[in-house]
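Asks: Please see the structure below; I have some questions.
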Amino acid sequence: MSDPSDPPPPRANDPFDATGRGNREPIDPDDAFASELPDPARPLTASGNLRRRQLVSRLVEAGHTASALLAVAILAIVVYSVASRGASALNIDFFTEGPPALPDTPGGGIAPEIVGTALLMAIATLIAMPVGVLIALYLTEFAGPRLGRAIRLALDLMNGLPTIVVGLFIFGLLVVGHYQSGFAGALALAIIMLPLIARATQEALLRVPSDLRAAADALGVSHWRTVRGVILPAARGGILTATVLAVARASGETAPLIFTCSIFGNAVSLRIFGQAVPNIPVYIFNASEAADPYGFARAWGAGFVLLLFILTTSLGARMLVAARPAGTRG
Amino acid sequence: MTVETRSASHPVRGIGPRIARRPRRARSRSIDRIGDGVLYGLCALASLLGVGTIAAISYQLIDGAGLAISRFGLGFLLHSTWTPNFNIFGAASLLYGTAVTSTGALVLAVPIGISIGLYLSTVAPRRVSGVIGPLVEMLAAIPSVILGFWGIIVLAPFLRTHLEPFLHSTFGFLPIFGAPQTTGAGLFNASLILTIMVIPIIASISRDLFLTVPRELRDGATALGATRWEVVRGVMLPSTGSGLVAATFLGLGRALGEAIAVTQVTGAGNAIHASLFRTGDTLASRIADQYQGATTRLQISSLFYLGVLLLAIGLLANLAAQVIVRRFTVRPAHAR
Numbered sequence: 005m006s007d008p009s010d011p012p013p014p015r016a017n018d019p020f021d022a023t024g025r026g027n028r029e030p031i032d033p034d035d036a037f038a039s040e041l042p043d044p045a046r047p048l049t050a051s052g053n054l055r056r057r058q059l060v061s062r063l064v065e066a067g068h069t070a071s072a073l074l075a076v077a078i079l080a081i082v083v084y085s086v087a088s089r090g091a092s093a094l095n096i097d098f099f100t101e102g103p104p105a106l107p108d109t110p111g112g113g114i115a116p117e118i119v120g121t122a123l124l125m126a127i128a129t130l131i132a133m134p135v136g137v138l139i140a141l142y143l144t145e146f147a148g149p150r151l152g153r154a155i156r157l158a159l160d161l162m163n164g165l166p167t168i169v170v171g172l173f174i175f176g177l178l179v180v181g182h183y184q185s186g187f188a189g190a191l192a193l194a195i196i197m198l199p200l201i202a203r204a205t206q207e208a209l210l211r212v213p214s215d216l217r218a219a220a221d222a223l224g225v226s227h228w229r230t231v232r233g234v235i236l237p238a239a240r241g242g243i244l245t246a247t248v249l250a251v252a253r254a255s256g257e258t259a260p261l262i263f264t265c266s267i268f269g270n271a272v273s274l275r276i277f278g279q280a281v282p283n284i285p286v287y288i289f290n291a292s293e294a295a296d297p298y299g300f301a302r303a304w305g306a307g308f309v310l311l312l313f314i315l316t317t318s319l320g321a322r323m324l325v326a327a328r329p330a331g332t333r334g
Numbered sequence: 003m004t005v006e007t008r009s010a011s012h013p014v015r016g017i018g019p020r021i022a023r024r025p026r027r028a029r030s031r032s033i034d035r036i037g038d039g040v041l042y043g044l045c046a047l048a049s050l051l052g053v054g055t056i057a058a059i060s061y062q063l064i065d066g067a068g069l070a071i072s073r074f075g076l077g078f079l080l081h082s083t084w085t086p087n088f089n090i091f092g093a094a095s096l097l098y099g100t101a102v103t104s105t106g107a108l109v110l111a112v113p114i115g116i117s118i119g120l121y122l123s124t125v126a127p128r129r130v131s132g133v134i135g136p137l138v139e140m141l142a143a144i145p146s147v148i149l150g151f152w153g154i155i156v157l158a159p160f161l162r163t164h165l166e167p168f169l170h171s172t173f174g175f176l177p178i179f180g181a182p183q184t185t186g187a188g189l190f191n192a193s194l195i196l197t198i199m200v201i202p203i204i205a206s207i208s209r210d211l212f213l214t215v216p217r218e219l220r221d222g223a224t225a226l227g228a229t230r231w232e233v234v235r236g237v238m239l240p241s242t243g244s245g246l247v248a249a250t251f252l253g254l255g256r257a258l259g260e261a262i263a264v265t266q267v268t269g270a271g272n273a274i275h276a277s278l279f280r281t282g283d284t285l286a287s288r289i290a291d292q293y294q295g296a297t298t299r300l301q302i303s304s305l306f307y308l309g310v311l312l313l314a315i316g317l318l319a320n321l322a323a324q325v326i327v328r329r330f331t332v333r334p335a336h337a338r
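Going down the list, the protein sequences come from chains F and W. Using this note's numbering, the first residue of the first sequence is number 5, and each one after it goes up by one. Using this note's numbering, the first residue of the second sequence is number 3, and each one after it goes up by one.
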């Protein structure tokens with residue numbers, strides 16, 4: 005394309021100059037007209053040395069590839085660090101016993117933390133899922149365009165809130181003057197989960213084929229029966245995926261819990277309004293702040309368990325999404 | 003089945019029941035009316051609850067900060083003393099630490115994240131990007147407490163013995179690369195951890211943005227003889243510019259608000275140093291590491307004051323991102 009013998013035209017240095025004038029088809033230099041007339045469409049590549057341009061292009065693309073590899077390498081290093089340190093801590097006791105009462109003691113496990121995290125997540129899901137699905141229904145079934153935009157904006161802002169702020173909010177609302185409690189922690193986690201569930205459920209509801217709704221309407225089914233009997237079942241898979249992803253995200257959150265559910269002993273109690281529930285993230289956080297090598301070992305083990313749970317659930321949910329052709333029922 | 007939008011189904015829903023309801027018996031009609039009303043009521047209530055939460059959070063934080071605001075006023079932002087024993091609290095060094103760590107994270111994460119987005123959307127074959135893409139997103143799934151633990155146990159020794167001495171000896175003329183400290187914990191470490199958190203956000207948003215660039219534009223530029231990089235620079239980057247800015251703001255919001263991991267790796271310093279290798283603290287991390295030590299009402303109130311600042315900055319960053327997305331990009335739903 006380029007011809008080194010061709011003199012560089014004054015304005016074709018950048019093939020994509022802002023005016024777009026450079027974007028012209030190169031003209032054959034042997035063309036009689038092109039060589040004689042002052043051509044307004046001078047060749048775009050004349051200034052460029054094609055080999056240099058392609059070299060630049062390849063170098064930049066190598067940079068892109070290197071960036072992607074860097075990200076994957078970081079993931080591999082972090083996962084390997086956690087797995088290699090954490091796997092050695094794992095044994096039967098690790099899943100059946102609590103942490104030792106005294107510091108600087110080897111052995112023990114994180115059984116209360118595992119059960120407690122499961123309890124917290126269950127409560128948080130019970131709160132966030134119905135509210136999130138109802139908000140999504142409001143967005144798709146009732147809200148006009150302006151109100152819908154406002155609610156979506158509020159949800160997106162909520163999703164971007166610093167999680168420690170949510171922790172402070174529940175701390176001020178429920179804990180100050182009272183006690184930390186499992187319920188307070190679960191409520192904070194539910195606030196983290198709510199926008200995730202609502203937004204993803206809304207997408208799932210929009211994917212429900214409108215034929216289904218039209219069929220229900222044609223049969224004279226009332227609105228609420230259509231929602232209960234047609235729309236929600238059709239979007240069930242999408243709602244489930246949204247919830248699983250939200251659980252995966254929230255189960256690793258520490259910041260909402262340290263003000264609301266961090267001072268706990270070794271016992272999980274169902275008195276969720278009266279006392280804090282042990283949980284894995286805060287356990288890791290506390291262990292990482294203390295200088296206890298055995299605590300470190302348990303924290304690596306706990307981190308490994310948590311990471312394994314989160315990666316498998318979020319990867320599984322993603323694969324479920326990918327396996328389903330877009331636009332069909334869940 | 004193509005994806006149906008809401009507007010397409012709207013008229014059908016509006017007309018259908020009204021026509022069909024007439025022949026039905028009165029009892030079932032009243033049940034239906036009640037059911038529809040209950041459904042609407044529940045949905046509206048839930049939406050009100052969701053939207054109200056943001057207002058409640060703002061109110062609660064400002065209310066809790068009242069004592070500190072009346073005691074310190076705006077002077078809180080200007081001095082960096084934080085001595086609970088004398089009831090003196092100031093946020094200057096925390097604002098500085100927040101600015102430094104967030105800036106550092108963005109300086110690294112924006113180019114890397116956009117590069118990954120370009121790799122996934124233009125360079126990699128589809129099957130490769132189908133594997134790399136989810137892996138990069140997995141980076142965002144690592145809990146911050148684990149990343150912070152890794153940062154202090156694994157990353158910090160490496161920084162102390164290798165990277166920081168290297169940077170100091172090579173770029174030591176810049177004050178930000180001062181003499182390495184003894185632990186490897188500090189603002190530099192925090193910036194790197196935040197970089198790891200922000201990269202997947204920017205990468206996945208920018209990949210989605212690049213995939214929305216019309217095929218014809220790219221093909222047109224290629225047909226005109228542009229190399230792949232020239233297509234990117236001339237067509238793809240300009241046409242997605244506003245979305246990339248929005249992605250940067252979202253990354254900023256993430257970096258500003260991260261509390262736990264930063265608390266773990268930043269060493270809880272309370273002074274303003276030019277060197278990145280010194281310890282420091284951010285607004286969010288100071289709140290996090292005072293959670294058990296806060297005993298007096300004034301100290302708790304000061305933490306709420308920090309929370310108000312954090313909420314304001316974080317909301318601003320996210321609002322900026324959302325406004326840009328909604329105003330400029332073609333299909334905002336795909337930008338998240």
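Beta carbons are placed, not taken as given, at the ideal position from N, Cα and C, and that holds for glycine.
Short check: CB of residue 264(W) to CB of residue 249(W), under 8 Å?
Replies: Against a cut-off of 8 Å, the Cβ pair of residue 249(W) and residue 264(W) comes out as no contact.
Asks: Compare the C-beta of residue 318(F) against all C-beta atoms of chain W and say whether one is closer than 8 Å.
Replies: Closer than 8 Å to some Cβ of chain W, the Cβ of residue 318(F) qualifies, so yes.
Asks: Do residue 121(W) and residue 69(F) have their C-beta atoms within less than 8 Å of each other?
Replies: Yes. Within cutoff.
Asks: Can you confirm whether residue 133(F), when its beta carbon is compared against all beta carbons of chain W, has any partner nearer than 8 Å?
Replies: No, because no Cβ of chain W sits closer than 8 Å to the Cβ of residue 133(F).
Asks: Give a yes or no on contact between the stretch 82-102 of chain F and the stretch 113-125 of chain F, applying the rule of three or more CB pairs nearer than 8 Å.
Replies: Judged by Cβ distances under 8 Å, the stretch 82-102 of chain F makes contact with the stretch 113-125 of chain F, as three or more pairs qualify.
Asks: What residue from 117(W), 102(W) and 199(W) has the CA that sits closest to residue 178(W)'s CA?
Replies: When only C-alpha atoms are compared, the closest one is 102(W).
Asks: Report the partner residues of residue 90(W) according to the DSSP bridge assignment.
Replies: Per DSSP, 85(W).
Asks: Beta carbon of residue 46(W), beta carbon of residue 142(F): below 8 Å?
Replies: Result yes, Cβ atoms of residue 46(W) and residue 142(F) sit closer than 8 Å.
Asks: In whole angstroms, give me the CA-to-CA distance for residue 308(F) and residue 87(F).
Replies: Spanning the two alpha carbons is a distance of roughly 6 Å.
Asks: Starting from residue 270(F), trace the alpha helix (DSSP H) in both directions and tell me its first and last residue.
Replies: Segment: none, residue 270(F) is in no alpha helix (DSSP H) and carries neither H nor E.
Asks: Relative to the C-alpha of residue 281(F), which residue among 231(F), 55(F), 187(F) and 303(F) is closest?
Replies: When only C-alpha atoms are compared, the closest one is 187(F).
Asks: In angstroms, rounded to a whole number, what distance separates the CA positions of residue 314(F) and residue 147(W)?
Replies: Going by the C-alpha atoms only, they are around 13 Å apart.
Asks: On a Cα-Cα basis, can you pick out the residue from 319(F), 249(F), 239(F) and 300(F) that is closest to residue 198(F)?
Replies: The candidate whose alpha carbon is nearest that of residue 198(F) is 249(F).
Asks: Looking at C-alpha atoms only, which residue of 203(W), 95(W), 54(W) and 184(W) is the closest neighbour of residue 246(W)?
Replies: Nearest option by C-alpha distance: 203(W).
Asks: In chain order, which beta strand (DSSP E) runs of at least 3 residues are fully inside the stretch 95-168 of chain W?
Replies: Counting only runs of 3 or more, we get nothing.
Asks: Where in the stretch 223-283 of chain F do unbroken runs of the alpha helix (DSSP H), each at least 4 residues long, occur, reported from the N-terminal end onward?
Replies: Runs of the alpha helix (DSSP H) inside the stretch 223-283 of chain F: 227-230, 240-254 and 259-262.
Asks: Under a three-way DSSP split, which group does residue 214(F) fall into?
Replies: Here residue 214(F) sits in helix by DSSP.
Asks: Jot down the residue ranges of each uninterrupted beta strand (DSSP E) in the stretch 170-257 of chain W, minimum 3 residues, whole runs only, in chain order.
Replies: You should have found no qualifying run.
Asks: Helix, strand or coil for residue 26(F), going by three-state DSSP, please let me know.
Replies: In this prediction, residue 26(F) has a pLDDT of 46, which is less than 50 and means its spatial position is unreliable; nothing more can be read from the coordinates.
Asks: To the nearest angstrom, report how far apart residue 134(W) and residue 206(W) are at their CA atoms.
Replies: Cα-Cα distance, rounded: 11 Å.
Asks: Can you pull the chain W neighbours of residue 129(F), defined as C-beta to C-beta under 8 Å?
Replies: Under the 8 Å cutoff, chain W gives no residues; its nearest Cβ is about 15 Å from residue 129(F).
Asks: State the Cα-Cα distance for the pair residue 139(W) and residue 58(F), rounded to the nearest angstrom.
Replies: Approximately 31 Å, taken between the alpha carbons.
Asks: How far does the alpha helix (DSSP H) with residue 105(F) in it reach, from first residue to last?
Replies: Run containing residue 105(F): none; DSSP gives neither H nor E here.
Asks: What do you reckon, are the CB atoms on residue 260(F) and residue 193(F) nearer than 8 Å?
Replies: Cβ distance < 8 Å, so residue 260(F) and residue 193(F) count as in contact.
Asks: May I ask you to report which of helix, strand or coil DSSP gives residue 110(F)?
Replies: Reduced to three states, the DSSP call for residue 110(F) is coil.
Asks: Answer with buried or exposed for residue 185(F), where buried requires no fewer than 16 other C-beta atoms within 10 angstroms of its C-beta.
Replies: Residue 185(F) comes out buried.
Asks: Determine the DSSP secondary structure at residue 280(W), reduced to helix, strand or coil.
Replies: If DSSP states are grouped into helix, strand and coil, residue 280(W) belongs with coil.
Asks: Taking the C-alpha atoms as reference points, what is the distance between residue 166(F) and residue 65(F)?
Replies: One C-alpha to the other measures close to 35 Å.
Asks: Confirm, please, whether the CB-CB distance from residue 237(W) to residue 220(W) is below 8 Å.
Replies: Against a cut-off of 8 Å, the Cβ pair of residue 237(W) and residue 220(W) comes out as a contact.
Asks: In terms of residue numbering, what span does the alpha helix (DSSP H) encompassing residue 71(F) cover?
Replies: From DSSP, the alpha helix (DSSP H) with residue 71(F) extends over 54-91.
Asks: Is there a Cβ of chain F sitting closer than 8 Å to that of residue 134(W), yes or no?
Replies: By this cut-off, residue 134(W) is an interface position.
Asks: DSSP on residue 59(W), reduced to helix/strand/coil?
Replies: It is helical.
Asks: Identify the contact partners of residue 182(F) in chain W, using a Cβ-Cβ distance below 7 Å as the criterion.
Replies: Under the 7 Å cutoff, chain W gives no residues; its nearest Cβ is about 14 Å from residue 182(F).
Asks: Answer with buried or exposed for residue 294(F), where buried requires no fewer than 16 other C-beta atoms within 10 angstroms of its C-beta.
Replies: Result: exposed.
Asks: With 16 as the cutoff for other CB atoms within 10 Å, does residue 12(F) come out buried or exposed?
Replies: Model confidence at residue 12(F) stands at a pLDDT of 48, short of 50, so the residue's coordinates are unreliable; what they give is reported in the following sentence. Residue 12(F) is exposed by the Cβ-count criterion.
Asks: With DSSP collapsed to three states, give me the class of residue 296(F).
Replies: Note: residue 296(F) maps to coil in three-state DSSP.
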